Amino acid sequence: MEELQEHPAYKFAGKIYHDRIIGTMVRIRYRTKYLRKRFERDHQAATILFHPDRPDYSQILYKICNSLGLTITSSATTRPDVVVSFEDVTKRQHNAVLTELSDNHFVVNQHCNDISKTYVEKVFRDVFGYGTFVDPRTYQGACVMKSDDNAMHDGTLIECPTTTPRTDVVFQKLINNTTGDEVVDIRVPIVGGSIPLIYWKYRDARSRFSNRNARAKVGPPDSAFSDRELVLIQQFAKKLGLDFGELDVLRDVDDGQIYIVDVNNTPCGPPNHLGKAESEQAVKLLSASFNEEFVRKAPTRDAH
Numbered sequence: 112m113e114e115l116q117e118h119p120a121y122k123f124a125g126k127i128y129h130d131r132i133i134g135t136m137v138r139i140r141y142r143t144k145y146l147r148k149r150f151e152r153d154h155q156a157a158t159i160l161f162h163p164d165r166p167d168y169s170q171i172l173y174k175i176c177n178s179l180g181l182t183i184t185s186s187a188t189t190r191p192d193v194v195v196s197f198e199d200v201t202k203r204q205h206n207a208v209l210t211e212l213s214d215n216h217f218v219v220n221q222h223c224n225d226i227s228k229t230y231v232e233k234v235f236r237d238v239f240g241y242g243t244f245v246d247p248r249t250y251q252g253a254c255v256m257k258s259d260d261n262a263m264h265d266g267t268l269i270e271c272p273t274t275t276p277r278t279d280v281v282f283q284k285l286i287n288n289t290t291g292d293e294v295v296d297i298r299v300p301i302v303g304g305s306i307p308l309i310y311w312k313y314r315d316a317r318s319r320f321s322n323r324n325a326r327a328k329v330g331p332p333d334s335a336f337s338d339r340e341l342v343l344i345q346q347f348a349k350k351l352g353l354d355f356g357e358l359d360v361l362r363d364v365d366d367g368q369i370y371i372v373d374v375n376n377t378p379c380g381p382p383n384h385l386g387k388a389e390s391e392q393a394v395k396l397l398s399a400s401f402n403e404e405f406v407r408k409a410p411t412r413d414a415h
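Printed below as a string of structure tokens:
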């Protein structure tokens, strides 16, 4: 089955299915939420500007904005209430439009311009005091070779030491996040200064680098982390410039430590194989946090 899922024809058919069928269903559901919210008696209309791109149906900000009844635009000529730097790339270039907008607005993620594995590792090591990168020429045992770019899911196990390491990838120690026959990732949403929830994501250990979960569930932050770890996670996000996004965190069952191995500032979600009720609850919690952290704190139109 796994070989079939990696076949180009299977992936193409899956993309068509998700974009045309699933995508249409999601858009209808969330546009309905948007209209219901807009017609609530006490609803205060607000516009959110995404630049240079705007989220699509699969991304969590699309669902949050529609759930809150926010009007989404990518036109820099509008008078927005909230501004989000939004571009699905690993490294962002300077953007003059966002710089100008920042004179009168707090621009969400304006300073989160590099989410490469190399930079994530640097910030993680600065905050936590330890890291994941290894030198494959001297390291003993298995390590993970992966792209430096974000969200590639191309990790490969290799045995070290190796005398001819590639220079276009990064090498990380293999973190033992197994539980039984599964591996567990902890996905941590960052919304301003809050962590509203965490996702537990489980996969077959043979597919540890895949993005296809066997199952997923929602939990409170303290179900996964100590108070000290939560403080460090928030310090990490602040140092990285991440106002909104999600972190992939692994806990090593051998040393008990947590490792932040990936960052996404344009995340999709909620995770696949999360139940419908939990998905709805997650969007509700994230929407409430986004509203509190960014919408309510936005300057009024009269002040523009």
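When you number the sequence shown by our numbering, it's gap-free, plus one each residue, and the end is 415.
A virtual CB, placed ideally from N, CA and C, is assigned to each residue, including glycine.
Please read these numbers as outputs of a predicted model, since none were measured by experiment.
With a cutoff of 8 Å on beta-carbon distance, PRO247 and THR273 are scored as near each other. Leaving aside the five residues that flank ALA335 on each side, the residues in its chain whose CB is nearer than 6 Å to its CB run, in chain order, ILE297, ILE309.
Within the stretch 268 to 346, complete alpha helix (DSSP H) segments of at least 4 residues are not found at all. Here the alpha carbon of ASP130 sits roughly 16 Å from the alpha carbon of ILE171.
Contact annotation, ALA393 with PRO378: C-beta distance approximately 12 Å; criterion of less than 8 Å not satisfied. A distance of 8 Å or more separates the beta carbons of LEU341 and PRO331. Taking a cut-off of 8 Å for Cβ pairs, the stretch 229 to 242 and the stretch 363 to 379 touch, as three or more such pairs fall below it. Counting only runs of at least 4 residues, the stretch 152 to 180 fully encloses the following alpha helix (DSSP H) elements, listed from N- to C-terminal order: 171 to 179. Taking the CA atoms as reference points, MET256 sits about 24 Å from ALA348.
Non-local beta-carbon contacts of GLU403 in its own chain, meaning distances under 7 Å to residues more than five positions away in sequence, are absent.
ARG407 carries a coil assignment under DSSP once its states are collapsed to helix, strand and coil. A distance of 8 Å or more separates the beta carbons of ASN287 and ASN375. The DSSP assignment places 252 to 258 as complete runs of the beta strand (DSSP E) inside the stretch 223 to 265, in order along the chain (cut-off: 3 residues). For GLY134, the uninterrupted alpha helix (DSSP H) segment begins and ends at 134 to 149.
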